[in-house]
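What follows is one structure encoded as structure tokens, with my remarks underneath.
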Amino acid sequence: MRIPILKLHNYLLVSIQIDLDDQSAIEFQEDLLNKIHKSGSTGVVIDLTSVDIIDSFIAKVLGDVVSMSDLMGAKVVLTGIQPAVAMTLIELGIHMQQVSTALDLEQGLIKLRQELEE
Amino acid sequence: MSTTQTCVHIKKEWDIVGARQMGREKAKELGFGTVDQARIATAISELARNIYLYAETGKIYYEVVSDLNRVGLKIIASDNGPGISDISKMMEDGFSTSGGLGAGLPGVKRLMDDFDIDSEENNGTTITAIKWVRK
Chain A
270 MRIPILKLHN YLLVSIQIDL DDQSAIEFQE DLLNKIHKSG STGVVIDLTS VDIIDSFIAK
330 VLGDVVSMSD LMGAKVVLTG IQPAVAMTLI ELGIHMQQVS TALDLEQGLI KLRQELEE
Chain B
29 MSTTQTCVHI KKEWDIVGAR QMGREKAKEL GFGTVDQARI ATAISELARN IYLYAETGKI
89 YYEVVSDLNR VGLKIIASDN GPGISDISKM MEDGFSTSGG LGAGLPGVKR LMDDFDIDSE
149 ENNGTTITAI KWVRK
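Taken in order, these protein sequences are the chains called A and B. Using this note's numbering, count along the first sequence one by one with no gaps and you end on 387. Using this note's numbering, count along the second sequence one by one with no gaps and you end on 163.
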């Protein structure tokens, strides 16, 4: 199952609404990097409001896609991480400290704009 | 002590998702809150991935357990893979044989209440973990 990636001005918006298996996660990684390359977008918001589980593998794929996008020159913000997901990740020992986050999509877009205008 | 047992076979990557969805369903039925449901589903995801990565195939069993005044969900992850040669090393935070895939067993132990490993080199691994419903 492919995850839709929408373009909005200079930004890309992604809302993950499926239970991510390893294969879909890897495909998403490739799709997003290709879309950044083709569209020349400078910022990406990945919204995780509907995601109710992030295990170590998906956390790694998300962390990697943030670093990869950064290498290409695009800034990624993760938004909407649920309380249960945040608690589970920290207990699991995954801190994702280099990753930029915001409470929701709206805050994510504000954060992107601030960071890109600096 | 036990009432019912369900089992999911781990043979392909997609079975990891199937195993954790089954775990969440069982947890919901038993009355676990959303945070504990996420803990259980995540722990199962890690255990199922370990089976897929190291043993290729194996099984995840789900069992409702109870003692005098509480009920819980028991997860048994069992495989006939290479086994663990040094369990105490495997339980150190940050130790990995896969180069960073999987948060490892200490993470799973923290997510669950009871945790036990039985493994012999070349003779498979059985991990048993229980989460009790908080009253």
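No residue lacks a Cβ here, since even glycine has one placed at the ideal position from N, Cα and C. Computed from a predicted structure; not experimentally measured.
Note to self: Ignoring anything shorter than 3 residues, give me the beta strand (DSSP E) runs that lie fully in the stretch 51–84 of chain B, in order along the chain.
What the structure shows: Those beta strand (DSSP E) runs which fall completely within the stretch 51–84 of chain B and span 3+ residues do not exist here.
Check: Of all the CB atoms in chain B, is at least one closer than 9 angstroms to the CB of A:P273?
Finding: no
Notebook entry, point to check: Using a Cβ-Cβ cut-off of 6 angstroms (strictly less than) and excluding sequence neighbours within five positions of B:Y82, which residues of its own chain qualify?
Noted result: G109
Note to self: I'd like to know if the stretch 334–346 of chain A and the stretch 111–118 of chain B are in contact, where contact means that at least 3 CB-CB pairs between them fall below 8 angstroms.
What the structure shows: no
Notebook entry, point to check: Is A:T311 helix, strand or coil when you go by DSSP?
Noted result: A:T311: coil per DSSP, three-state reduction.
Notebook entry, point to check: Alpha carbon to alpha carbon, what distance is there between B:E41 and A:D291?
Noted result: Looking at the two C-alpha atoms, the distance is approximately 7 angstroms.
Item checked: Rounded C-alpha distance that separates A:D324 from A:E299 -> 20 angstroms
Next item on the list: Return the Cβ separation of A:K380 and A:V346 in integer angstroms, given the expectation that the two are a contact with Cβ distance under 8 angstroms.
Entry: 5 angstroms
Check: Can a CB atom of chain A be found closer than 9 angstroms to the CB of B:I145?
Finding: no
Next item on the list: Measuring only between beta-carbons, confirm whether A:V354 sits less than 9 angstroms from chain B.
Entry: Cβ-Cβ to chain B under 9 angstroms: yes for A:V354.
Next item on the list: Mind reading off the beta-carbon distance from B:I158 to B:K102? Whole number of angstroms is fine, and I expect it under 8 angstroms.
Entry: 5 angstroms
Next item on the list: Report the neighbours of A:I322 on chain C: residues whose CB is nearer than 8 angstroms to its CB, in chain order.
Entry: Protein chains A and B are contained in the structure displayed, whereas chain C is not.
Note to self: In this structure, how does DSSP classify B:Q33 when only helix, strand and coil are distinguished?
What the structure shows: strand
Check: Can you name, in chain order, every residue of its own chain whose Cβ lies under 7 angstroms from the Cβ of B:I72, other than the five neighbours on each side?
Finding: A47, R48, G51, I88, I103
Notebook entry, point to check: How many angstroms separate the CA atom of A:V389 from the CA atom of B:L96?
Noted result: Examination of residue 389 of chain A is not possible in this model, given that chain A is present from 270 through 387 alone.
Notebook entry, point to check: Would a C-beta distance cut-off of 9 angstroms place B:R98 and B:V161 closer than the cut-off?
Noted result: yes
Check: B:D146 and B:T154 look like a contact to me (Cβ under 8 angstroms); what is the Cβ gap, rounded to whole Å?
Finding: 5 angstroms
Notebook entry, point to check: Of all the CB atoms in chain A, is at least one closer than 9 angstroms to the CB of B:W160?
Noted result: no
Next item on the list: Spell out the partners DSSP gives A:T348 in its beta bridges.
Entry: A:D316, A:A371
Checklist line | CB of B:E148 within 9 angstroms of CB of B:G111, strictly | finding: yes
Item checked: Outcome for B:N78 when other beta-carbon atoms lying within 10 angstroms are tallied against a minimum of 16 -> buried
Item checked: Straight-line gap, B:T34 to B:V93 (C-alpha atoms, nearest Å) -> 13 angstroms
Checklist line | Residues that A:D333 contacts on chain B, provided the C-beta gap is smaller than 7 angstroms | finding: Per Cβ cutoff of 7 angstroms: no residues; A:D333 is ~10 angstroms from chain B at best.
Item checked: Nearest-angstrom Cβ-Cβ length linking B:L139 and A:E386, presumed shorter than 8 angstroms -> Actually they do not touch by this definition, with Cβ atoms about 40 angstroms apart.
Next item on the list: Could you spell out where the beta strand (DSSP E) holding A:I274 opens and where it closes?
Entry: 274–277
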